[in-house]
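One structure is given here, and the rest of the page talks about it.
Protein chains in written order, with this note's numbering: chain Z, 4 to 561; chain A, 4 to 561.
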């Protein structure tokens, strides 16, 4: 019943690969140019007149490596300055502005590219005996300081880049599952599944620039806006390598044998071991899709509509609520309405009825549907027309608001970097809370974080909100903050604003993160949130699994 | 938005409460009488001529307690022989036959009934300083030796009965969640939710005789046969008390902040702490139901039909496949067919279409539907006619096979005890595996366990199988073994048969348990299955949380 995929090991040798930016989001050729940056900056009062120059690696303080790998591992390791600079930080606003201001985090001494488990184990063994901190690195899209080293407690720092381990090793079509190496980036993974009619269907905003292993280690949230969306729920089995040991959980559809072994490593952010492989639960590619958008005059009424939808069994795959600012920014609405972006999909049968029921429900809460459901159930042909995998696969079949939202969603991080070059502070943070807390939480973030930003910068801030994921018992609000920074002190400005946000989340018992992870930036909030018995257990697990304390020091634990 | 339930604290004072059996399943007045036992025994060749007598507490070796509780806790603790005997073991076949043969497990010195967290903490503190093992006890329905003490490493044993902590403390209707004390038995809990139109909808076979805390500590499997069924998925927050500490996770619909703190305690079987409260995700009571049964001549073709259903998005609430033996035993079929019992339910809208699609799918795999879908979507009135909560709430609206299956499901443990009195060895075990392994696994269990039972007893064994839960990537087969024992050596006979079963499961990489837990009886299989990094972490967590090693010693770990 198992099939070995026939996709050749060729994706890393594609011709005309676009260049990844070492300091900013994504591909360099997608970055806004100086004129675009200036136009963006003009939208935020108090920003610079001219964009900051694109940073140069030559300006970075790159010292010679403090260690030399043994000959047996030398072929896996590089000290190339560009590789080291590109692995120094993640892709938070904080990281981008530090690069622009030539204040990067500590640059790793070495970057390793293991090609298999044995090499990962050997690198960990060597690091353990040479006091070398190891930072597991996938796509490098962390926005919480998850892939950088802070402090100086270790002799040297090794960035462990897993993207050479990017193969789908086996597909079990009977169980609709695949055995996948952790270093596979989203498109690399989907490309190998596609010939089998299967898809992991995990499409975070970072899809192109993040890996399966990164998703697993950070409990990434993905495509589905309702029901199961965290990558956790799609894990059948994990392989974990730790210093001086390794283990693989059995492939099981479900089990009640003790606490879930996988769940301790999901979200462990590289602090307990390196995830090198997983068996993942897949989906059939959807043959039926339908989408529409619904405008609401009143955001709080829209919240009630979304709650009703989340508590129905209609299960929309997409159910994103944009507040007026988000709707305006993404072009989904220009009249001050909030917009609910709805999408249904199925490999089993038509979904037009479900969309129609959802629109009825939204109308009952004062919503104005943009697209009639009769137009919204495309044929299989429509879906197959999508030319690429990944987010493009979510191409809406109808509704300009839906379409506008999707384009803006993928473009947003590039625009953020453009604004960063204009000296703006532009960043997002996200959370989740039960429905009873949601309205007051969103209001408090707007009011209190807005007031703090004004006080800290002297400029009015824009604070937008959308719900990215909804559950029967709550929702995940996602906030965007944009305000002019103080030239040269943008990091401090953001840190001060974020501290207020963390305080508001804590006061409302809203999680420090729904899907961005903890890393180093969220430690304050995480430490407050983590229950004492689990904190004790986690510390004990860390000591047992990583006795030399080399694994991603500083994330989750001191 | 939160409502405090108005249900009075009266359930423990109901008039005419039936008597719980101290040695067998459920209520004494539901036990088969001697004549029924004899009739049952006649179905299994080689069993006794007359039933073993009902055991008497007076015949048990009950020594005076080895410790005396301090005055401050004395009012919570009893040394009453009946209470001690009733808390000595769970309700596995192994436990029943040990009671019948007057060979019980070690009888606890004391039984405590704390009424709140402070008392639980005080009892743990006292136990920790007096070398007293503490066995958390809910409904006592463990079938894996989860609530008994083995060995003699501790000075004394305290059974910590949590059923006095049985209140629904708060209901949040906006978030459709409730804050519930862990000692609430299934019916006690549902009775308090019912006035709010809400239900936890967790209906294991032991529903009447197991508690929320027991379900959480053992990762119980429940009502839904597809999708989310383990209690784990319905947990919003947990409160855990450990010796010298306690903690409560935040109420969150979802979170990506580090490894899930709750998931370490779900399935921890009392070894890491005592779960005293949880916020649980609830369901609206279904207003639409439809059910039908489908007969298959070929069991393997039925497996394919069920796999197709599990991989569709039709999401039946009930999707139990009975092999010919199970179908015969439950009266669902008498012609050697396998029978698929299907049920759909919704609080949102009619489910007749989904049932019709499911039946089409089953027919395409050679199934013969017993009930036409047009008859199967009852009005709300039909559902409301159900007079009690719990499994009765699943009353099928149509189909004698469906009805027969349900009655047999609830009656089965009582019949098992009747057969035990006839000297039969009658027990179940269950597992889960991915679809690629399912057909060979089921065949191997039938063949190898059947051969072992014949060799061990000299009598032919009946081995039946049903699928209790199905997933897109696999299924949970549940096996029943019935064979005449060797008089006086029934425990040894069963242990020998079970050892073969464990070996077969291990060879097929099928989990040692899908929802019965590990306890003490499944340790061999569990230790083989648990990956090394998690084993290390679990041991370290145990040492950190339970330094005096008093918490349910012997489950999960030595």
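Heads up, the beta-carbon is just placed ideally off N, CA and C, and yes, glycines get one too.
Alpha-carbon to alpha-carbon, residue j and residue i
| i | j | result |
| --- | --- | --- |
| residue 482/A | residue 234/A | 22 Å |
| residue 439/Z | residue 239/A | 13 Å |
| residue 551/Z | residue 473/Z | 41 Å |
| residue 582/Z | residue 67/A | It is not possible to answer for residue 582/Z, since the shown part of chain Z is limited to 4 through 561. |
| residue 530/Z | residue 521/Z | 10 Å |
| residue 231/Z | residue 368/A | 29 Å |
| residue 128/Z | residue 322/Z | 46 Å |
| residue 555/Z | residue 543/A | 20 Å |
| residue 445/Z | residue 558/Z | 28 Å |
| residue 86/A | residue 186/A | 17 Å |
| residue 360/A | residue 173/A | 40 Å |
| residue 333/Z | residue 414/Z | 10 Å |
| residue 103/A | residue 201/Z | 55 Å |
| residue 24/Z | residue 224/Z | 24 Å |
| residue 397/A | residue 293/A | Annotation note: pLDDT 42 at residue 397/A (below 50); position unreliable, coordinate value reported separately. Roughly 10 Å separates the two Cα atoms. |
For residue i, the nearest candidate out of the options (CA to CA)
| i | options | result |
| --- | --- | --- |
| residue 107/Z | 116/Z, 115/Z, 42/Z and 96/Z | 96/Z |
| residue 347/Z | 319/Z, 356/Z, 370/Z and 324/Z | 319/Z |
| residue 409/A | 175/A, 547/A and 324/A | 324/A |
| residue 405/Z | 458/Z, 420/Z and 331/Z | 331/Z |
| residue 545/A | 146/A, 268/A and 255/A | 268/A |
| residue 281/A | 139/A, 53/A and 171/A | 171/A |
| residue 524/Z | 58/Z, 74/Z, 98/Z and 71/Z | 98/Z |
| residue 136/A | 144/A, 126/A and 142/A | 126/A |
| residue 336/Z | 293/Z, 549/Z, 403/Z and 353/Z | 403/Z |
| residue 3/A | 270/A, 284/A and 433/A | Lying before the first or after the last residue shown, residue 3/A is absent from chain A, which here runs from 4 to 561. |
| residue 48/A | 540/A, 462/A, 29/A and 62/A | 462/A |
| residue 254/A | 262/A, 182/A and 190/A | 182/A |
Residue i: contacting residues in chain A (beta-carbon distance under 8 Å)
| i | result |
| --- | --- |
| residue 266/Z | 262, 263, 266 and 267 |
| residue 37/Z | Result: empty, since nearest Cβ-Cβ is about 36 Å, beyond 8 Å. |
| residue 233/Z | 257 and 259 |
| residue 218/Z | Ordered by position in chain A, no residue passes the 8 Å Cβ test against residue 218/Z, which lies about 10 Å from the chain. |
| residue 100/Z | In chain order: nothing, as chain A lies at least about 24 Å away. |
Under 7 Å by beta carbon: chain A residues contacting residue i
| i | result |
| --- | --- |
| residue 192/Z | In chain order: nothing, as chain A lies at least about 17 Å away. |
| residue 246/Z | Simply none; closest approach about 10 Å. |
| residue 222/Z | 259 |
Residues near residue i by beta carbon distance below 6 Å, same chain, minus five either side
| i | result |
| --- | --- |
| residue 247/Z | none |
| residue 365/A | 297 and 308 |
| residue 453/A | 464 and 466 |
| residue 428/Z | 486, 488, 493, 496 and 497 |
| residue 162/A | 90, 111, 114, 138 and 140 |
| residue 265/Z | 238, 241 and 252 |
DSSP beta-bridge partners of residue i
| i | result |
| --- | --- |
| residue 248/A | 245/A |
| residue 292/A | 348/A |
| residue 164/Z | 140/Z |
| residue 152/Z | 109/Z |
| residue 283/Z | 181/Z and 238/Z |
Beta-carbon proximity list for residue i, same chain, < 8 Å, skipping 5 on both sides
| i | result |
| --- | --- |
| residue 426/A | 44, 50, 51, 55, 487, 488, 490 and 493 |
| residue 229/A | 312, 313, 318, 319, 320, 322, 472, 473 and 474 |
| residue 153/Z | 108, 109, 523 and 557 |
| residue 362/Z | 295, 297, 345, 370, 372 and 376 |
Chain Z contact residues for residue i, given Cβ-Cβ distances below 7 Å
| i | result |
| --- | --- |
| residue 559/A | 261 |
| residue 475/A | 179 and 284 |
| residue 226/A | What residue 226/A touches in chain Z: nothing, since even the nearest Cβ is about 14 Å away. |
Contact set for residue i: own chain, Cβ-Cβ below 7 Å, skip 5 residues either direction
| i | result |
| --- | --- |
| residue 475/A | 313 and 314 |
| residue 250/A | 243 |
| residue 214/A | 141, 142, 165, 166, 185, 186, 187 and 188 |
| residue 310/Z | 438 |
| residue 37/Z | 54 |
Within chain A, the residues that residue i reaches when beta carbons sit closer than 9 Å
| i | result |
| --- | --- |
| residue 521/Z | 259, 260 and 261 |
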